[in-house]
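Note sheet for the following structure.
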Amino acid sequence: NGFVIVSAEDCTTPILGYSLENAYDADKIPDAMKWMMEGLEKEIKAAPSIQRPIQPIERSNAAYAAGANATNNFEKVLNTPTWSQEGPFNSMIPNRPLVGCVGTAMASIMKYHNYPEKGTGSFDGVNFDVEYDWENMRTDNYRSGYTEAQGNAVALLMWHAAKSIDTQFGMSGSSAYEVRVPAALSNYFGYDPGVSYKKRSEVSTQQAWDNIVKNEIDAGRPVLYCGQDVTAGHAFVC
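Sequential numbering from 53 applies to the sequence shown in the working numbering.
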């Protein structure tokens, strides 16, 4: 297993994605990833027509192509769960709809921190004042071999995370506003009130935006990242 997705244009970032563990099948990727890949394809096709001075990435690519020495300078990757939205993750949600990508990403970050010991308060009749069984939560995708206790532990966390942000549940898709995540983490789960929501449009440059994300990851804090166009959106964990 393992794969690397490489750009077909030298004027763009060469590595678009990789995994050391999973396989890649373009016919079986989730809809959200398909949407992301289609967006990258459009950007790569348009890149050569943009008139601007040579960029640092082009200099770097040219240096590597010419045989310049490179170092194994891997970016830091946090060991966050590879959870999904269907069973067993949705088994405590009434009628078992999909969890929703925002709730799934939020719960994954909570598992990374194994926090809180228990929630507090309630929302729309759902009481969060219960303990979470972090030790029984696996970080894999629960495809097989999990116990009832392991399934129940992650299902409770998913249900509470999704409900706390007022997810609108549906059998074919569930949706929620990512802007609600900081308040839910602080009000119901004891996270620092300094948890914040930032928009790309409020940051002056792409480099400054990238630095915000990188600094959080370097500090051991996974980032809930959202992207969207006029037709669809998706939330995931960096």
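Glycine is no exception: its CB is placed at the ideal position from the N, C-alpha and C atoms.
How about residue i and residue j: do their beta carbons lie closer than 8 Å?
i, j, result
"residue 164", "residue 132", "yes"
"residue 210", "residue 284", "no"
"residue 130", "residue 269", "yes"
"residue 199", "residue 134", "no"
"residue 143", "residue 203", "yes"
"residue 238", "residue 180", "no"
"residue 219", "residue 152", "yes"
"residue 99", "residue 73", "no"
"residue 51", "residue 173", "Residue 51 lies beyond the residue range present for the chain, which begins at 53 and ends at 290; the question has no answer from this structure."
"residue 236", "residue 141", "no"
"residue 84", "residue 55", "no"
"residue 249", "residue 231", "yes"
"residue 306", "residue 255", "What the structure shows of the chain is the stretch from 53 to 290, and residue 306 is not part of that stretch, so it cannot be assessed."
With DSSP as the reference, please indicate the residues paired to residue i in a beta bridge.
i, result
"residue 179", "174"
"residue 276", "289"
"residue 58", "67"
"residue 226", "Note: residue 226 sits in no beta bridge, so no partner."
"residue 220", "227"
Excluding the 5 residues preceding and the 5 following residue i in the sequence, name in chain order all residues of the same chain whose CB lies nearer than 6 Å to its CB.
i, result
"residue 241", "168, 171"
"residue 87", "284"
"residue 221", "149"
"residue 201", "188"
"residue 291", "Nothing about residue 291 can be reported from this structure: the residues present for the chain run from 53 to 290 only."
"residue 258", "none"
Thinking C-alpha only, which one of the options is nearest residue i?
i, options, result
"residue 287", "244, 272, 260, 214", "214"
"residue 189", "180, 161, 233", "161"
"residue 177", "146, 271, 76, 257", "146"
"residue 277", "255, 251, 258, 256", "251"
"residue 223", "193, 282, 137", "137"
"residue 101", "86, 78, 81, 63", "63"
"residue 225", "88, 148, 54, 68", "148"
"residue 187", "194, 166, 212", "166"
"residue 69", "89, 80, 53, 245", "89"
"residue 182", "205, 197, 193, 196", "205"
"residue 279", "157, 80, 194", "157"
"residue 281", "71, 257, 94, 258", "94"
"residue 212", "79, 195, 175, 196", "175"
"residue 302", "82, 77, 53", "What is shown of the chain runs 53 to 290, which leaves residue 302 out entirely."
Leaving aside the five residues before and after residue i along the sequence, list all residues of the same chain whose C-beta is less than 8 Å from its C-beta, in chain order.
i, result
"residue 275", "265, 268, 269, 289, 290"
"residue 272", "130"
"residue 193", "134, 135, 136"
Less than 7 Å between C-beta atoms, sequence neighbours within five positions excluded: which residues of the same chain meet that for residue i?
i, result
"residue 124", "Its pLDDT being 49, under 50, residue 124 is placed unreliably by the model, and the measurement read from it follows with that caveat. No residues qualify anywhere along the chain."
"residue 96", "59, 60, 61, 64"
"residue 245", "238"
"residue 92", "68"
"residue 261", "252, 255"
Would residue i count as contacting chain C if we go by Cβ distances under 8 Å?
i, result
"residue 190", "Absence of chain C from the displayed structure is noted, only one protein chain being present."
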